[in-house]
Every structure is written in structure tokens, then in C-alpha cells.
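Visitor: Protein chains in written order, with our numbering: chain A, -3 to 471; chain B, -3 to 471.
The C-beta atom is built at its ideal place from N, Cα and C for all residues, glycine as well.
Input: one structure, supplied below.
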């Protein structure tokens, strides 16, 4: 049916262009959106908080192209590969839009033989997923990634990634949150002791990954029905995945008769204990939950995995409750760079990705609810005139101000009315008006009006720049 | 041949993936590149200058998706349309990567019925052109656009666009430059009085556009040979297009017996005169050249057009001279928004686009030549230890610093050598080291080392944050 609909839509689109220029649909592509000035102001606020955190942790920044060779992305995303956008073959290389920033990062490391770097990268990624835009799920969306690559002592960089998530979510004041933590090695050990055959580890892991969206019963029936797992194995998994806690749970599992006999599980649990010790030193264990149901969808994780979830705030807003969810995730991927190296040389990596769209949705809704009027420009002064025929004088003055680094605007009219000029300041939040008039020109002064108080003072022209600087220094 | 080569390359790529994981080519797509930390530091410097200029002129900022419906781009770019990247038809809408930021801007205005806005937009655009990467010509590249949309009095916004180009190129200290200015109406009038048939205006305009790359003789033979223009008409064009100057040339052409009889040419010349009056008030006519050979390739311009060119610096650098060229361009496009409006309602627009890649090339080469060591992080302090077994103390201290907003790093080793820690500071330019040791812990102090002077002072732990702030406040 979807194919048929697509065909019909396409035919309709073609008809549209045949019928004439003005018949096409005026929209952005499905699952994408424009950011107008207001949305950009919110977006830049969020980015500022995130970037300043990444810089506080000493990260460098890199950028990579929006598309990669198709083969660079092949075999990295498991079941999600079908969501990759391909470019049309127009001759030359076969290309795909990036699906995340992690695979391009690994490609960058291998290509430049970099074995040691701490970097952030903020850019858009592309997934042909089913969009749910009111809940902040788009086909084009930003990821804010921070990764540490290099051979280091266990869990020190991993702990820093969690500290970063904690800092950013606290800083953005998004309400209460919890960071779930698990380890692929613990999951694999758990699958082994539950009797899952090796060959089914990844696919059963994908089923577990759905537990944050669907109830256990459904996941169980997918495991047994679609994936052919024995009911007994599924039930044993069912018991483990309801466990979550802190250091106590780690200790309990280290004593677990089955898990403690499994080599990888034991390694994972040992590292998890170390991680919690470091997180205790950072003072953030209060928001961390060791959760055996956390699996993460992507294939490339090899160790610690984590995901930050915003907790629903009851009755805080009167509107319908926001459907929140995962806002950050990440983990350790020690094998990915080696997949790009001719000799398979590995570069261990751990990183975190902040999913900013959901955060935008929340910040936008909050701003909507509040009375705060957000400014979309930083203009300090409007250059205005009180009488007609003063365009030249306005141009001369505004040019002086620009050259002195003052943020200034004027209306693009020959003879604007003073009222319209003052109104423009009210609407856009410009705090000052520099008014030129015949008398002021004769006297070598400019009348400076403070919009908020309607106070007016004459300022000597040569002192105007300094006066504007002083009066807007708190902005 | 190109097709055959593409086929062969494709077969080779397929063979590659069949032969095993490690056989693929490790590269970015043709005409694209990664930005490493150093390149990013340069890029962010350039962006900072550009954005602060746009904000100084009161612009808001918007963003649009990287792809648009294919039909949104159709019929906007004339001969260049073949360079558009299409996405593969994977079901659903037919999409193309944006070719510039102007058409998406016009689509945005029409879609949201905005008739009045001053905005900037900095983003990557995509052209399947022949890359010449050493000269800064890429298939994926940034454009920094500033546009003013709305019905205003003539040439006031147009003059501001030129002022902006002047400010940015001066601010970036790229050496001497000239901004060529012309008007599509003057060109059209000139074509008319030279005897070019109406139907050939756009294609002859495309030929004139090549004059900055190829000599007149070649352009003439294209006009006459390929495009079927009469030799007499071509020769008359040839006389006009060698003219360039300032107000005097405008006055001269206003007296030109043919041009002065042509309605559109007269309008264009009248506005050009007004523009020069405004530019005189801005004090920037010294860098402006009214140049009849400037045509601009894109179809959508309707009035003033302009292009900024860097002038070759003789013998300033000892290396081979940099091949410089156009670094900014723009003009008036009063019809574009109307093409997206069902009722054809027009929104007059004028704007400028800064082509940043060439500017990057120059800044990169200059930095290479200079001795300046560019820092790629902003880290203020490295948290180090003088003895073994102090990992926990380092973690505790760095966490305190992060929480206080200090930019701090530590080595991810349990027991790093002090020498290695100091060396890391030298390499990365970190100015301070906070050293914890047994004795310092007992005394409740931290040893603060100033890397540049090797001076060391004991600072009480509770004063450390303040001390670091003071000592790095000049950074």
C-alpha cells in the first residue's frame, strides 16, 4: 500500500509540474522543518550550553561531509540500515547521507591514523524513519557528539561521558532525569547463561532494546515467536531485565551463581563497579541507574552503554503532558575504527550523543508557556529621524556606528514617521533610539532615547558610541 | 567516456565489497573534505567575524533543511541546474540537496507569507561541479548569506549589502579587494541597444558572465558561433563591457545616445547613481567599481548585481602566488518569492553571499606561513598528580573545577608520570597545572604551576577556582 501511495503521490507531483508553475506543494520535505528566528534563538541557547560543556572538558571540534561513500556506512547499523538516505547515482561515486556522527568519526580516525583525540561534533544526521514531529522525532535532526578515542585505563573516559550528560541536562534545566547504564558484555553474558545461542545474541539484544517502548509480554512473544528462542530462555531473560539499581545490584550480580561463572559478564560487572566508584567521586550516582533492560539498538557497541531519559513531570504544566523520552545516549565502541583500517588496528572509543530535537521541543513549549519575550536580534540602537529629508544624515550616522562596532539598524524608508520608528523598537526590543533632527545637527548632538523609560538625552556626537556602549553593557 | 569510467568504478566498488571488509577506499566523497581541529579553529574565526557583522546590521538567523523537494529547485538556476545533487528515489517525495541558500529562503518566505525580514543563514550547499580544491572550490561548501526582503525605498538595502561585504573583507584582512557592481537592467538595456534579440538576453548574459575567466575573443566567438548572435551586435557589446569606473561612468552612460533612450537601462543607471551616492555616505566608494562586464550566472537576479574579488598581492608571499578570485557575490531578485506564491505575490529581495571556502584557503595558507601556534582547545588547567595512587584525588578535584565552570582536563591514566602531564600542557597550550600530592592534600592546598614561567605556588583549595579565573582572565 505504501508503495502504491508513493507512486500515486509521485504521479500527482508530475501532474502538478505539468499544470503550471504555481501548482506545486509549498512545503519542506517530510520529517524536516525550517527554523525561524525564534526557534533559532532557542536552538542557539541550547547549543551554547552544550558547547560550553564540551569545551569545559577540553574537547577539540571537527566536521565531516554530510554524505559519505555508501560503503563507509555499510554493515555498521544492523537492522537500521534500511533507514539510510542514498543519493541518486548521477555518475561517479555512490553516496549516502550520514546516519550518525559516530561512523564518520571512526572513518576520520582511521583515514588520518589518529589514535588519540577528544573531540566534539555538532551536525545534522539523516534517517528515513517514521517522523513524529510533535514528539521531536525528525528525519533531519541534530546530534551533539562528544567522544574520547585512545587506549586508556578502564572507565576513566567512560565516567567522564556520563558526567557530561549529567552536566548538560542539569544546565538546561529540563527537569528530573535518570541516566540508565548497562554493558554489552553483561548483556552477552546474561544471554549466554540464559541459554541464548551465540548466533542469536544481536537479534535478541534488539528485542530487549524495545523494552522502553513495549511491555515485556510483547518482547517475549517476539523472542519466542519471530526469533525462535526457547520459552525457558526467554523467561530467564525476563527475570534479569527487570533488575535495576546501583552498587548493591552490581555486588549481587557478582555473587550470582550463573553470571559470576561467565567470563565476559564478570569483566563487565567488574568495570561497572569501577565506573560507579568514579561516578561517586563525581557526586552523580543519584541520577544513575544500572539497568539490565538497557540494550541500545546499534551494532557497534562493545562495552558500557547508557541512555538518559527525562522523567515525566506530573501536573506541572496544565497542557497535555509532553511525551518525553531519551535525550542522550552512547557507549563504548572499541571495534569500529578497526573496521576501517586495512590492518584492523583498533582504536578504543567511548562517546555520548545528545539528541537535541526533543530538548528543543521542551524548551520551545516552556517558552511558549512562559511570558518571556525572546529577542531574535541583538540590535542596540535604531538610527531614526524626527523630520523629513534626513536620510543622508541617518546613513552617515549609522555608518559611523557600524564602523565603531555598534549594532545598529534604521528603517529603509526615505522619510519614515517617528512613531513608526519608535514602534519598530518596541516590537523588536531595541533598547535605544538615536534621533537626528535639524536642531541636533546644528548643535552637534544626537538625541538618545531610552525606549523602556522614554527618557531622552542630548549626547554630543563624538560621545555617542561610548554612551551607547555604557547604556547597553548589561545586555 | 565519463559514463564508462563511472560504470567501471562502480563495478570496482562492488568487487571491493565482495572481496572483504578491508578493501574499500578510505576517503571522503569527491570534492569534499573533513575539517580537523586546526581547520575548525580557522573556520570558527572567520565565522565569528562574519556573524558579528551580520548581527551588527540587525539580522535575525534562520535555518532550512539540507534538502528540498526537487521541484522547489526546478527552473531557478538556468544552465547550472545540471549540477544539482538528487537523492535516490526510495519511495515518497523526490528530493534534491540545496544548491544555494537563496532559493530555500524564497521558499521559506512564500510558505510562511513573510513579506519583511532581514536574516542571515550560514550553511553548506551542494554542487556537482568540477572540484578544484587547492583553489578552494568544493562540491560541499559553506555559504554565508545575508538578505533583506521587503518593499522599501530604492537602493537603501542594496547599499547596506555592499557595506556588509566591505566590512567583512576589511575585518578578515584578506588584502586588497574590489567590489564590482552592475545592474541586470543596464545589461538588458545594453543588449537591446546592441541589437540582441529579446529571446537571447539570458544566454548572452551567460556568455558575458565568463569574462572574468576567459578573454573577450573567446566570449565573442561563443556569442557568434554557438549562440548565433550577429558579429556587429557582439562587437557593440564588446565595446560596452570593457567599461568600468564610478560616478563619472554612470553620468557618461546617462548621456549615451542609445542607452539613454532605453527605458530599463535608464532606470538601472538612475538607481546606480543613487547607490553610489549612498556608498559615498558610507565612505566605501574607493573599493567599488561599476563594471559593465559583470553579469552573474544565476537566472533569478532582476536589478543590482555585485561580486567581490580579491586582488593578487605581488611578491608579498614568497611561495607560489595564490590563485584568488570571487569571495562574495549577490544582487537583487525581486521575482523569486513570487515564483513560489500561488497568486504570484512578489516580495522584493536583495542579498549577499560570502563564499567562505576561498577565504579559508587564504587564512589557512597565511597561518601555515606564520609562526603562530593556534590552540584547538580552551582548557585552562590540567589536573595532575606528582605521585602514584592519586587518581581518586584527581577525579575529585577535576569534578569540583568542572562544576565551578573551569575548563579542565586530566590524563586518563591511573598513574601518569608528572613529566608526561607537563609535556601534554606544552603541546596543547594549557597555561596552568593543578598538582595534587600527598603533602598538599594534608595541608589543604593545591600546587598551581604556571606553564610558561614554570613558577609554582601553593593555593588553598577553597581559593583555587578564583585563582585560576584570575590567572586565565586575559585568555
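Buried or exposed for residue 469 (chain B), please, with buried defined as at least 16 other CB atoms from any protein chain shown within 10 angstroms of its CB.
Guide: It counts as exposed.
Visitor: Which bits of chain B does residue 60 (chain A) rub up against, with CB to CB less than 8 Å?
Guide: Result: 24, 30, 31.
Visitor: What is the DSSP secondary structure of residue 171 (chain A), counted as helix, strand or coil?
Guide: Coil, per DSSP.
Visitor: Go ahead and label residue 21 (chain A) buried or exposed: buried means 16 or more other beta carbons lie within 10 angstroms of its beta carbon, across all protein chains shown.
Guide: Its Cβ having fewer than 16 others within 10 Å, residue 21 (chain A) is exposed.
Visitor: Consider the Cβ of residue 468 (chain A): report whether some Cβ of chain B lies at a distance smaller than 8 Å.
Guide: No - not a single Cβ of chain B is within 8 Å of the one on residue 468 (chain A).
Visitor: Please confirm whether residue 272 (chain B) and residue 176 (chain B) have their CB atoms less than 8 Å apart.
Guide: Result no, Cβ atoms of residue 272 (chain B) and residue 176 (chain B) do not sit closer than 8 Å.
Visitor: Interface residues of chain B around residue 279 (chain A) at Cβ under 7 Å?
Guide: Result: 395.
Visitor: Could you pull out every residue in the same chain whose Cβ sits closer than 6 Å to the Cβ of residue 337 (chain B), ignoring the five residues on either side in sequence?
Guide: So the qualifying residues of the chain are 106.
Visitor: What are the partner residues of residue 128 (chain B), as DSSP defines its beta bridges?
Guide: B:133, per the DSSP bridge assignment.
Visitor: Between the C-alpha atoms of residue 116 (chain A) and residue 140 (chain A), what's the straight-line distance to the nearest angstrom?
Guide: So the two alpha carbons sit approximately 7 Å from each other.
Visitor: Under 7 Å Cβ-Cβ, which residues of chain A neighbour residue 63 (chain B)?
Guide: Chain A residues near residue 63 (chain B): 25.
Visitor: Would residue 182 (chain A) and residue 261 (chain A) qualify as a contact pair, given that the criterion is a beta-carbon distance under 8 Å?
Guide: Yes.
Visitor: Here's the rule: buried if 16 or more other CB atoms are within 10 angstroms of the residue's CB, otherwise exposed. What is residue 389 (chain B)?
Guide: Under this definition residue 389 (chain B) is a buried residue.
Visitor: Within the region 236 to 310 of chain A, note down every full beta strand (DSSP E) run reaching 3 residues or more, in order along the chain.
Guide: Qualifying beta strand (DSSP E) stretches, in chain order: 284 to 287, 300 to 306.
Visitor: Quick one: residues in its chain with C-beta nearer than 7 Å to the C-beta of residue 283 (chain A), no 5 flanking neighbours on either side, listed in chain order?
Guide: Answer for residue 283 (chain A): 162, 173, 174, 175, listed in chain order.
Visitor: So what's residue 234 (chain B) in DSSP terms, helix, strand or just coil?
Guide: The answer is helix: DSSP assigns residue 234 (chain B) an H, G or I state.
Visitor: Sort out for me which residues DSSP pairs residue 92 (chain B) with in a bridge.
Guide: In the DSSP output, where bridge partners are listed per residue, residue 92 (chain B) has B:64, B:82.
Visitor: Taking only beta-carbon atoms, is residue 269 (chain B) less than 8 Å away from chain A?
Guide: Not an interface residue.
Visitor: In chain B, which residues lie less than 8 Å from residue 86 (chain A) when you measure between Cβ atoms?
Guide: Those within 8 Å of residue 86 (chain A) in chain B are 81, 82, 124.
Visitor: Taking a cut of 7 Å between CB atoms, which residues from the region 354 to 384 of chain B lie near chain A?
Guide: Per Cβ criterion, the list reads 372, 373, 374, 375.
Visitor: I want to see whether chain A comes within less than 8 Å of residue 284 (chain B), judged by CB atoms only; does it?
Guide: It does not; no Cβ of chain A falls within 8 Å.
Visitor: Starting from the Cα of residue 297 (chain B), find the closest Cα among B:325, B:308, B:91 and give me that residue.
Guide: The residue with the shortest Cα to Cα distance from residue 297 (chain B) is B:325.
Visitor: So, using beta-carbon positions, are residue 347 (chain A) and residue 395 (chain B) closer together than 8 Å?
Guide: No, Cβ-Cβ distance for residue 347 (chain A) and residue 395 (chain B) is not below 8 Å.
Visitor: Against residue 36 (chain A), what residues of chain B qualify as contacts under a CB-to-CB distance less than 7 Å, listed in chain order?
Guide: Those within 7 Å of residue 36 (chain A) in chain B are 57, 58, 59.
Visitor: Determine the extent of the beta strand (DSSP E) in which residue 380 (chain A) is found, giving its start and end residues.
Guide: Note, residue 380 (chain A): beta strand (DSSP E), 377 to 381.
Visitor: Taking 8 Å as the CB-CB limit, is residue -2 (chain B) close to chain A?
Guide: So yes, residue -2 (chain B) belongs to the interface.
Visitor: Who are the neighbours of residue 301 (chain A) on chain B, taking C-beta pairs under 7 Å?
Guide: Those do not exist, as residue 301 (chain A) stays about 19 Å from chain B at its closest Cβ, beyond 7 Å.
Visitor: At a Cβ threshold of 8 Å, is residue 315 (chain A) touching chain B?
Guide: Because the pLDDT of residue 315 (chain A) is 49, which lies under 50, any placement of that residue in the model is unreliable, and the number read from its coordinates should be weighed accordingly. No - not a single Cβ of chain B is within 8 Å of the one on residue 315 (chain A).
Visitor: Count the other CB atoms within 10 Å of the CB of residue 39 (chain B); is the residue buried (16 or more) or exposed (fewer)?
Guide: Classification for residue 39 (chain B): buried.
Visitor: Express the C-alpha separation of residue 70 (chain B) and residue 212 (chain A) in angstroms, rounding to a whole number.
Guide: Rounded to whole angstroms, residue 212 (chain A) to residue 70 (chain B) spans 50 Å at the Cα level.
Visitor: Between residue 360 (chain A) and residue 23 (chain B), what straight-line distance do the alpha-carbon atoms span, to the nearest angstrom?
Guide: Roughly 39 Å between the two C-alpha positions.
Visitor: List, in chain order, every chain B residue whose beta-carbon is nearer than 9 Å to that of residue 107 (chain A).
Guide: Chain B residues near residue 107 (chain A): 22, 23, 24, 30.
Visitor: Check the Cβ-Cβ distances between residue 336 (chain A) and every residue of chain B, and say whether any is below 8 Å.
Guide: Interface residue, yes.
Visitor: On the three-pair Cβ rule with 8 Å, is the region 121 to 138 of chain B touching the region 349 to 367 of chain B?
Guide: Enough Cβ pairs lie closer than 8 Å, so yes.
Visitor: Within 10 angstroms of the Cβ of residue 202 (chain A), are there 16 or more other Cβ atoms? Answer buried if so, exposed if not.
Guide: Residue 202 (chain A) comes out buried.
Visitor: Please report how far the alpha carbon of residue 409 (chain A) lies from the alpha carbon of residue 466 (chain A), in whole angstroms.
Guide: Going from the Cα of residue 409 (chain A) to the Cα of residue 466 (chain A) covers about 29 Å.
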